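*Asks:* Numbering (my numbering), first residue to last: 25 to 318. All C-beta atoms, glycine included, are put in the ideal place defined by N, C-alpha and C. For clarity, every value in this text was computed on a predicted model and none was experimentally measured.
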Ligand code: G1P
């Protein structure tokens, strides 16, 4: 059976970014660069590569630079054109040419579930993707593309998952899930239950939810009636738990390396790894790192 195509990708980006203060006092954390590209652009490029052509960004106060980033910058383009900087001009144009972006505001920081609920009107009655831009996934086949392939076959919501060992599991939504025989082998799970940020001893498994979701529109109705959960916030995980009563949900262990750029150490590691991979910088940077007496 053919399922509806996933055209829309929602990016919750209204968070305050307190973990990166003072850098995020007057600048959204989504705009912090990894080497020379803002974090959110990595996610937008992944959504595009996965076949989405409508990007929905949930913003809040102080986030206008995200809108400017994906918009045309006439002054900058004119200047680069006059100075004959054609390479840079192409880089700048490519961003605004990328896709159609819509914005909606989340007036209060009431949690991820609340942020997703804000996209209800823009998404409408069709399946869609959610990308948490903090989680950057370096993969040969873009993570969201892998997940859409699972969706295309199952027609059910798909959550990205990864094994997280030890105490760190308490920072995630955690799955109670059983492996399913499929062409994805041990990568596909059927979800039986989900818990947001459990204590380590209460975690139903070590399968953590990572920031990529393929969702069906029924999630909106569920979120609208889900009570506030952990941290006094409306949790997407709790909405999914409601959805589970109506629909099957799958967990999918993606192929690729995930970087948690919402964490300072994760951000530093991602910066080093992405810099080392760059054609224009990698070799010199590697030589430099070797000179550090570590
Ligand atoms: C959010 C979700 C959590 C998920 C995590 C992935 O938490 O609530 O279920 O495991 O993203 O990065 P946050 O990191 O925003 O606290």
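1. Please report how far the alpha carbon of residue 172 lies from the alpha carbon of residue 238, in whole angstroms.
2. Give the single residue among 133, 197, 104 whose Cα lies nearest to the Cα of residue 41.
3. When the distance is taken between beta carbons, is residue 255 closer than 9 Å to residue 288?
4. Look at the Cβ atom of residue 236, then the Cβ atom of residue 159, and state whether they are nearer than 9 Å.
5. Report yes or no: do three or more beta-carbon pairs, one from the region 133 to 151 and one from the region 32 to 51, lie closer than 8 Å?
6. Does the beta-carbon distance from residue 28 to residue 151 come in below 9 Å?
7. Take the Cβ of residue 195 as the centre, count every other Cβ of all protein chains shown within 10 Å, and call the residue buried at 16 or more, exposed below.
8. Between the beta-carbon of residue 295 and the beta-carbon of residue 186, is there less than 9 Å?
9. Opposite residue 220 in the DSSP bridges: which residues?
10. Counting along the chain, where does the alpha helix (DSSP H) carrying residue 309 start and finish?
11. Hey, quick one: how far does the beta strand (DSSP E) through residue 153 stretch, first residue to last?
12. Are there 16 or more other CB atoms within 10 angstroms of the CB of residue 108, so buried, or fewer, so exposed?
13. Taking the runs of the beta strand (DSSP E) that are 3 residues or longer, which of them lie wholly in the region 34 to 100?
14. For my contact list, residue 274 and residue 153 are in at a C-beta cut-off of 8 Å; report their separation, rounded to the angstrom.
15. What are the start and end residues of each continuous beta strand (DSSP E) run of 3 or more residues lying completely inside the region 202 to 267, in chain order?
16. Around the Cβ of residue 189, are there at least 16 other Cβ atoms within 10 angstroms (buried) or fewer (exposed)?
17. Can you give the beta carbon distance from residue 163 to residue 297, rounded, assuming they're within the 8 Å contact cut?
18. Along the beta strand (DSSP E) that carries residue 143, what are the first and last residues, could you check?
19. Could you check which residue in 161, 205, 201 has the C-alpha nearest to that of residue 234?
20. Quick check on the DSSP output: the alpha helix (DSSP H) that includes residue 272 runs from which residue to which?
21. According to DSSP, is residue 282 part of a helix, a strand, or is it coil?
22. Apply the 10 Å Cβ neighbour rule to residue 124 and answer buried if 16 or more other Cβ atoms are within range, or exposed otherwise.
*Replies:* To lay it out plainly:
1. So the alpha carbons of these two residues sit roughly 7 Å apart.
2. Proximity to residue 41 across 133, 197, 104 peaks at 133, based on C-alpha coordinates.
3. Residue 288 is not a Cβ neighbour of residue 255, given a cutoff of 9 Å.
4. Closer than 9 Å, so yes.
5. Pairwise C-beta distances place the region 133 to 151 in contact with the region 32 to 51, as three or more of them are shorter than 8 Å.
6. Yes, the Cβ-Cβ distance between residue 28 and residue 151 is below 9 Å.
7. By the neighbour-count rule (16 or more Cβ atoms within 10 Å), residue 195 is not buried but exposed.
8. Taking a C-beta distance under 9 Å as the contact criterion, residue 295 and residue 186 do not qualify as a contact pair.
9. Answer is 197.
10. 306 to 315 is the span of the alpha helix (DSSP H), which, as asked, contains residue 309.
11. That run of the beta strand (DSSP E) goes 152 to 155.
12. Residue 108 is exposed by the Cβ-count criterion.
13. For the region 34 to 100, whole beta strand (DSSP E) runs of length 3 or above, ordered along the chain, are 78 to 83.
14. Taking C-beta atoms under 8 Å as the contact rule, residue 274 and residue 153 fail to qualify, at a distance of about 14 Å.
15. Taking only runs of at least 3 residues, the beta strand (DSSP E) segments lying wholly in the region 202 to 267 are 212 to 220, 231 to 239.
16. Residue 189 comes out exposed.
17. Beta-carbon to beta-carbon, residue 163 and residue 297 are separated by about 13 Å, too far to satisfy the 8 Å threshold.
18. Residue 143 -> no beta strand (DSSP E), and no H or E assigned at all.
19. Measuring from the Cα of residue 234, the nearest candidate turns out to be 161.
20. Taken as a continuous stretch (DSSP letters only), residue 272 belongs to no alpha helix (DSSP H), as it is neither H nor E.
21. Strand, per DSSP.
22. Exposed is the call here.
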